Structures are given as structure tokens and as C-alpha cells.
Amino acid sequence: MIERKRKKMSPYKKVTGAGIVGGNSMAKRWKLAELKYKRGYTSDLNYGTEDIYHRILTLAKTLYSQLSEALTNPVFEKDYKEDNRENAFTLHSFITHNFYWELECSFAYFYRINYDFHNCPFEQEIMDAINRNEPYLPNCFVRTPQKPNCQELHRRVLQVQDKEHIYLLTENSDNLRKLAET
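Residue numbers (this note's numbering): 8 to 189.
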């Protein structure tokens, strides 16, 4: 019976005595959340959290691009939504040498925004945006101190991540979306 199952498997997956090598062991959490909560409070909260995440991300990119150090310090940004190689919980991540910003889906299927600062010149502006939105998104913003700090995390990430997700963020680059005039 085991041999029959092995023959029916995709030709792209290598079968060993221990099982399938290279198969996804865990589904993306956000996909499970969408399947489980198609309508209602959880799906509305998750949609709102993701929307606010990207709005504040745009603000952070705009503020960071105006710093003189943006020309010499690259940023890391990766959309993990369809990438299951590293983490089943993370949806998106943005890291500079003084700012950490990540969207994830928890075990309980709620989206959560993790953030941290390290001598960040635009910390107050980001915190103002978080504080404006926190009443509408209860328990969605979590300050998660990076050990030892954002600067060290940034250095390590740049060493191990693919170069396609690392770039310089300049004021007129394609990676920067301007804030809507309000």
C-alpha cells in the first residue's frame, strides 16, 4: 500500500524512506485564517490590521527615505505570503538598522503587527500612527524588543537573506510609495 501511494505522488517531490523531502510541513497561517473565518469579526479585524500595517509601512518608508543614512544603509523587505520556506506565520517583514516592522498571523488566526525601534529618528511619528489606530485594532500592535537590538538584527538579516529583498530606499525610488495628500 505504501508503494502505491509513493507512485501516485508528484514527480517533483523526492521520496525517501523517511517520507517526502521538500514538502511543506505546515500551511500558511493566514490562508487557514481566511478559510476558517470567511466573514465576521476575525476576518474584518485581520483585513483592518493588514491595511493599517501597509499604511504605516508607507509612512515609515517615506520618513526613512528622507534620512541621509538611507543612502548608505540598505533595508530588508520581504512578502512572505506565498513563501513557505522560512516561516508559516509571517506575512510581511520590513527591517532597517533602527526599525523593525512585521505582520504575522498567530496560532489563534489573528493578525498581529510586531515592531521595535533602536535610536530611530522617526519613532514618534510611527508611535503616533500606532496610537491613532490602536483603539480600532485591539491587541494587534505588539512591541517586541529585538535581541540585542534592531541594528544587530538588521546586520544578521543582511548576511543571510536573499539579495533580491535587500535594497537602498531613496526618495524617488520605485520601492517608495508617496503618502496620499490628506
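C-beta: ideal position from N, C-alpha, C; glycine also. Values in this document were obtained by computation on a predicted structure and should not be read as measured data.
Spatial neighbours of residue i within its chain, please: CB distance less than 7 Å, with the 5 preceding and 5 following residues excluded, ordered by chain position.
i    : result
Q158 : H104, N105, H125
L64  : F101, W108
N156 : H125
When DSSP builds the beta bridges, which residues end up paired with residue i?
i    : result
Y143 : Looking at the DSSP assignment, Y143 forms no beta bridge with any residue, so it has no partner.
D86  : H99
Y174 : V82
E109 : S100, N121
Which residue wins for smallest C-alpha separation from residue i, given the options the options?
i    : options               : result
L52  : N140, A95, M134, L160 : N140
P128 : P145, S75, T97        : S75
A95  : P81, N80, E84, C112   : C112
Y116 : T97, K68, L160, E132  : T97
S50  : L144, F148, V167      : L144
P142 : Y71, F114, I59        : I59
H99  : N121, N80, P81        : N121
M134 : F114, Y174, A67       : A67
Y174 : G47, Y54, Y71, P81    : P81
For residue i, does the count of other Cβ atoms within 10 angstroms reach 16, so buried, or fall short, so exposed?
i    : result
D169 : exposed
L78  : exposed
E171 : exposed
K154 : exposed
Y87  : buried
R162 : exposed
E89  : exposed
E93  : exposed
F83  : buried
P54  : Reading off the sequence shown, one finds Tyr at residue 54, where the question assumed Pro. Y54 comes out exposed.
Where do the N-terminal and C-terminal ends of the beta strand (DSSP E) with residue i fall, by residue?
i    : result
R119 : 118-124
F114 : No beta strand (DSSP E) contains F114, which DSSP labels as neither H nor E.
F148 : 148-150
With respect to the alpha helix (DSSP H) encompassing residue i, which residues constitute its N-terminal and C-terminal limits?
i    : result
R163 : 157-167
R62  : 48-72
Can you name, in chain order, every residue of its own chain whose Cβ lies under 8 Å from the Cβ of residue i, other than the five neighbours on each side?
i    : result
P152 : D123
R62  : A136
Please confirm whether residue i has its beta-carbon closer than 8 Å to some beta-carbon of chain D.
i    : result
I120 : Here there is only one protein chain, and chain D is not present.
CB-CB under 6 Å to residue i, same chain, minus the five flanking residues each way: which ones, in chain order?
i   : result
T56 : Y118, L144, C147
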